[in-house]
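These notes concern the structure reproduced below.
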Amino acid sequence: MDHRDKSGDDAERSSIVINAVPKIRLTDVHKRFGKKVVLDGVHLDVMPGESLVIIGGSGSGKSVCIKTVLGLIRPDTGTIEIDGQDVTHLNFREREPFLHKCGMLFQGGALFDSLPVWRNITFAVSQRNGHSKQQLKDIAVDKLGAVGLKPEVADLFPAELSGGMAKRVGLARAIATDPEIIFFDEPTTGLDPIMSDVINELIVSCVKKLGSTAVTITHDMSSVRKIASKVAMIYQGKIIWQGPVSAIDNSGNPYVEQFVHGKAEGPIQVEGKRA
Amino acid sequence: MNLLMQHNPVATIGHVFLLFLSSIGRLVLFTWNILSEGLRGPFYFRQFGRMIIEIGYYSLPVIGLTTLFTGAALALQSYSGFADFGAESSIPIIVALAITRELGPVMAGLMVAGRIGAAFAAELGTMRVTEQIDALVTLSTNPYKYLLFPRVIAATLMLPCLVFVGDIIGIFGGYAVSVKALGFAPIPYINNTWAFLEFYDVFTGLVKAAVFGFIVALMGCYHGFHSKGGAQGVGAATTNAVVSASILILLANYMLTEMFFSI
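Those sequence lines, one after another, are chains A and B. Read left to right, the first sequence gives residues 848 to 1122 (the working numbering). Read left to right, the second sequence gives residues 29 to 291 (the working numbering).
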């Protein structure tokens, strides 16, 4: 009886997975800046609850890829869907409900210089609901706690924070509204290895706790192994490989192998490299 | 295309003209976006208040000193020229008219272009290159409403206030020099000023000031908002904001003077 129930549950679960609408879907997305083609027909699905890490060299189109999803950059052609709805050509007002579902940690933190940490963290919350100042401060302190920072940090200004602290505050701001989708743009760039690991751990725990879908772009392989459930590699504006993180060391793709092992020799040609 | 332009000056002129037209188009669209998005709300009163203080209160010393010395120098210059013709009695009205109609708004506009236009371009440019403007969007906040609209409206409203105060200080500068250095009697000087100065003179100066305030904020916002390329880009945006605002102020001044005072 128990056994039959379990297989019934499994069947139901797998049918849900098969029929699930991707949280994010990019279909044949192209983008060029002047003559430089940055995205050249990107196809990518991110399923609910998945933690996708996009890897690729500098200038390969990783950042542009997630900025098109958020509407910060408009693609030339192709479609972008969030929860099955086409968001490609929405104006700001139409896009707002989708932006409410998203949070983003920027590479440099992108904290607002003119606001103290607690106002930075609760910026989105304060725009949406009528919270009192004390309530907002309490939310900020709570989120600071979630990223391992003390309540005293709340009253500091961004200029007074170290690189690691700024990243953590940026993470606290990204998770402040409990978003369904979180984007991480090079979360460990510029940090020492220990702080990088701390940030990776925080990302994993925050994403797990919120049950969010995560999209991370990085070229740090230790981040990939820690954060990812699925990995996609972008090269010359195309997704050239994608698969589970467990398959990354045996991908059979020479581009991925060169990137994963950090070799100068291989099919990826780096501009300015000596022949 | 480039090769063609190297050999064909007409193609170069055409290319420059097209670039000019596309810049005008971008600026008009930018202005439309600020006003149409901003007027729709929500309104960020905290930002607006911050800008009012930044533009109105903190620019007051600069405007006061500028108009004070301008009025004083104007009285001295007028005296040295008019004394030869025995027309010294015209100095009070010359100072008052020149300050209220022309020098007050233009000097204030140029000073605010240097102070506020540059500050807007530098702040917004830094926000752009450090992705703070992108961060605003991801936090569901429209940068046109939050950053640009309060700046443009605050500058348009505050410059007339600054110019009004500047007019009074400038006239006082002329008065002080005339009475203390040129031997004018205080009461007749004031009576002369009052007798000839009309509401229309002050009003047209304040309208000019509102237009100049709009131009300064728009140029600062436009160049800052579209800056790119790190510190160098922010520097270029700041320079462009001040230069373009200054030129447009002088151009607009001529056009408004033509409109208000042409016979």
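From the three backbone atoms N, C-alpha and C, an ideal C-beta is built for every residue, glycine too.
(Q) Residues in the same chain with beta-carbon distance under 6 Å from Ser290/B, minus the five sequence neighbours each way, listed in chain order, please. (A) For the purposes of this step, residue 290/B is identified with residue 262 of the second sequence, where counting begins at 1. So no residue of the chain qualifies.
Q: Can you give me the Cβ contacts of Asp1096/A inside the same chain, cut-off strictly under 7 Å, excluding the 5 residues immediately before and after it?
A: In the first sequence, residue 1096/A corresponds to position 249, counting from 1. Excluding sequence neighbours, Asp1096/A sits near Val1107.
Q. Quick one: is Gln974/A near chain B, going by C-beta distance under 7 Å?
A. In the first sequence, residue 974/A corresponds to position 127, counting from 1. Yes, its Cβ sits closer than 7 Å to a Cβ of chain B.
Q.
Measuring straight from C-alpha to C-alpha, what distance separates Phe45/B and Ile275/B?
A. Indexing the second sequence from 1 puts residue 45/B at position 17. Indexing the second sequence from 1 puts residue 275/B at position 247. Phe45/B and Ile275/B: Cα-Cα distance of roughly 19 Å.
Q) Which residues in the same chain have their Cβ closer than 6 Å to the Cβ of Lys883/A, if we skip the five residues on either side of it in sequence? A) The residue you call residue 883/A lines up with position 36 of the first sequence. Cβ within range, chain order: n/a, list empty.
(Q) With the cut-off set at 7 Å, would you say Ile1081/A and Lys909/A are in Cβ contact? (A) Working through the first sequence from its first residue, we reach residue 1081/A at position 234. Working through the first sequence from its first residue, we reach residue 909/A at position 62. Yes, Cβ-Cβ distance for Ile1081/A and Lys909/A is below 7 Å.
Q: Going by CA-CA distance only, name the one from Leu1038/A, Leu1008/A and Thr1035/A that's closest to Asp1149/A.
A: Since the first residue shown for chain A is 848 and the last is 1122, residue 1149/A is missing from the structure and cannot be characterised.
Q) Tell me, which residues are paired with Trp1088/A by DSSP? A) Your numbering for residue 1088/A matches position 241 in the first sequence. Per DSSP, Met1080/A.
Q: Output the residue ranges of the alpha helix (DSSP H) runs that lie fully inside the segment 1014–1053 of chain A and measure 4 residues or longer, sorted by chain position.
A: none
Q | Contact list for Cys949/A against chain B, beta-carbon separation under 9 Å | A | To locate residue 949/A, count along the first sequence from 1; it is residue 102. Under the 9 Å cutoff, chain B gives Thr166 and Ser168.
Q) So what does DSSP say about Ala209/B, is it helix, strand or coil? A) Taking the first residue of the second sequence as 1, we reach residue 209/B at position 181. Coil.
Q: Round the Cβ separation of Gly925/A and Asp875/A to the nearest angstrom and send it over; I've been treating them as touching at under 8 Å.
A: Taking the first residue of the first sequence as position 1, residue 925/A is located at position 78. Taking the first residue of the first sequence as position 1, residue 875/A is located at position 28. Between Asp875/A and Gly925/A the Cβ distance is about 4 Å, and since that is below 8 Å, they are a contact.
**Q.** Sequence-distant residues of the same chain with beta carbon closer than 6 Å to Arg872/A, five excluded per side
**A.** For the purposes of this step, residue 872/A is identified with residue 25 of the first sequence, where counting begins at 1. The answer, listed in chain order, is Asp892 and Glu928.
Q: Could you give the DSSP three-state label for Gln932/A: helix, strand or coil?
A: By 1-based counting over the first sequence, the position of residue 932/A is 85. Strand, per DSSP.
Q) Any C-beta of chain A sitting closer than 7 Å to the C-beta of Gln160/B? A) Counting from one through the second sequence, the residue named residue 160/B turns up at place 132. It does; some Cβ of chain A falls within 7 Å.
Q | Lys883/A, DSSP secondary structure in three states | A | For the purposes of this step, residue 883/A is taken as the residue at position 36 of the first sequence. Reduced to three states, the DSSP call for Lys883/A is strand.
Q | Start-end ranges of the alpha helix (DSSP H) lying completely within the segment 146–175 of chain B, minimum 4 residues | A | 146–157 and 160–166
Q: Mind checking the segment 244–258 of chain B against chain A and listing, in chain order, the residues whose C-beta falls within less than 7 Å of any C-beta there?
A: none
Q. Going straight from the alpha carbon of Val812/A to that of Ala987/A, what length do you get?
A. Since the first and last residues shown for chain A are 848 and 1122, residue 812/A lies out of range.
**Q.** Under the three-state DSSP convention, the category Ser905/A falls into
**A.** Looking up residue 905/A in the first sequence gives position 58. Ser905/A falls in the coil class under three-state DSSP.
Q) Taking C-beta to C-beta, are Leu983/A and Thr969/A nearer than 7 Å? A) Position 136 of the first sequence holds residue 983/A. Position 122 of the first sequence holds residue 969/A. A contact, by the Cβ cut-off of 7 Å.
Q | One or two residues paired with Ala1061/A in a DSSP bridge | A | For this step, residue 1061/A is matched to residue 214 along the first sequence. In the DSSP output, where bridge partners are listed per residue, Ala1061/A has Ser898/A and Ile1029/A.
Q. Contact check, Leu946/A vs Ser168/B under 8 Å by CB: the rounded distance?
A. Position 99 of the first sequence, counted from the start, is the residue given in the question as residue 946/A. Position 140 of the second sequence, counted from the start, is the residue given in the question as residue 168/B. Right, their Cβ atoms sit about 4 Å apart.
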